[in-house]
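Novice:
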Amino acid sequence: QKEVEQNSGPLSVPEGAIASLNCTYSDRGSQSFFWYRQYSGKSPELIMFIYSNGDKEDGRFTAQLNKASQYVSLLIRDSQPSDSATYLCAVRVQGGSEKLVFGKGTKLTVNP
Amino acid sequence: KAGVTQTPRYLIKTRGQQVTLSCSPISGHRSVSWYQQTPGQGLQFLFEYFSETQRNKGNFPGRFSGRQFSNSRSEMNVSTLELGDSALYLCASSLLAWITGELFFGEGSRLTVL
């Protein structure tokens, strides 16, 4: 089983809609979760992190964490064409060799 | 504040050769991580260095190695290159990556193996 799984997409939404990106992870002991955004041809950049169950909001972005179900999601409200990118979910995996493990990413396209 | 600098940005090698990639982290960052990114496998963790010591290592063969210098600059080396090593190699620096998870990535070194 992959440590971090994401729907590869592509996910296409109209401008102004809510984009919902999901991620599941296998390490039940994981405590820290991150969303990175990667524009085409660019390197990833951190947009949000979440440690506790529930929601965390930052502007148009909301991260949701459910440790019991082992999933984390990212909601983008009022999606803009500039949000078109690949979104990478990352989980800090513990147990021996602690490291940040990335999912393969979900490609989001926001259509004007 | 200067970002993470990786050199070279692009390189082409042939099978069997070796390659060395360099990474200069953000000033003050002592943690440097290396990732391999391919369309099929995504971002895969290679190794992480902190204060010249390898903290963590991913599931890559021994042909992949790295080191960190006292000024936090890091290099990774791939020996006996294979076609499958063609990828974007990303270096990321952090204050304390294993705590914050906030990585600052360089633009990457794109390696093509022919």
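Residue numbers (our numbering), protein chains in the order written: chain L, 140 to 251; chain S, -3 to 110. For every residue, glycine included, the Cβ atom is placed at its ideal position computed from N, Cα and C.
Once DSSP output is grouped into helix, strand and coil, what is the label at residue 213 of chain L?
Specialist: Strand at residue 213 of chain L.
Novice: At the level of alpha carbons, what is the spacing between residue 104 of chain S and residue 51 of chain S?
Specialist: Answer to the nearest angstrom: the Cα atoms are 21 Å apart.
Novice: Give me the chain L residues within the contact set of residue 86 of chain S, using Cβ-Cβ distance strictly less than 8 Å, ordered along the chain.
Specialist: Here the neighbours are 182 and 183.
Novice: Under 7 Å Cβ-Cβ, which residues of chain S neighbour residue 241 of chain L?
Specialist: Chain S residues near residue 241 of chain L: 38 and 39.
Novice: I'd like to know if the region 173 to 185 of chain L and the region 214 to 228 of chain L are in contact, where contact means that at least 3 CB-CB pairs between them fall below 8 Å.
Specialist: Taking 8 Å as the limit for Cβ pairs, the verdict is that the region 214 to 228 of chain L does touch the region 173 to 185 of chain L.
Novice: Using C-beta distances below 6 Å, list every residue in its chain close to residue 135 of chain S, excluding the 5 sequence neighbours before and after it, in chain order.
Specialist: Because chain S spans -3 through 110 in this model, residue 135 of chain S falls outside it and cannot be assessed.
Novice: Where does residue 197 of chain L sit, in a helix, a strand or coil, going by DSSP?
Specialist: Strand at residue 197 of chain L.
Novice: Using the C-alpha atoms, what's the distance from residue 4 of chain S back to residue 75 of chain S?
Specialist: Going from the Cα of residue 75 of chain S to the Cα of residue 4 of chain S covers about 17 Å.
Novice: By Cβ distance below 7 Å, which residues in the same chain neighbour residue 232 of chain L in space, the five residues on each side in sequence not counted?
Specialist: For residue 232 of chain L, where only same-chain residues beyond five positions count, the Cβ hits under 7 Å are 142, 166, 169, 238 and 240.
Novice: Report the neighbours of residue 101 of chain S on chain L: residues whose CB is nearer than 8 Å to its CB, in chain order.
Specialist: Here the neighbours are 182, 183 and 184.
Novice: Hey, would you say residue 19 of chain S sits closer than 8 Å to residue 2 of chain S, going by beta carbons?
Specialist: Against a cut-off of 8 Å, the Cβ pair of residue 2 of chain S and residue 19 of chain S comes out as a contact.
Novice: Residue 9 of chain S to residue 83 of chain S, Cα distance in whole Å?
Specialist: If you take the alpha carbons of residue 9 of chain S and residue 83 of chain S, they lie about 12 Å apart.
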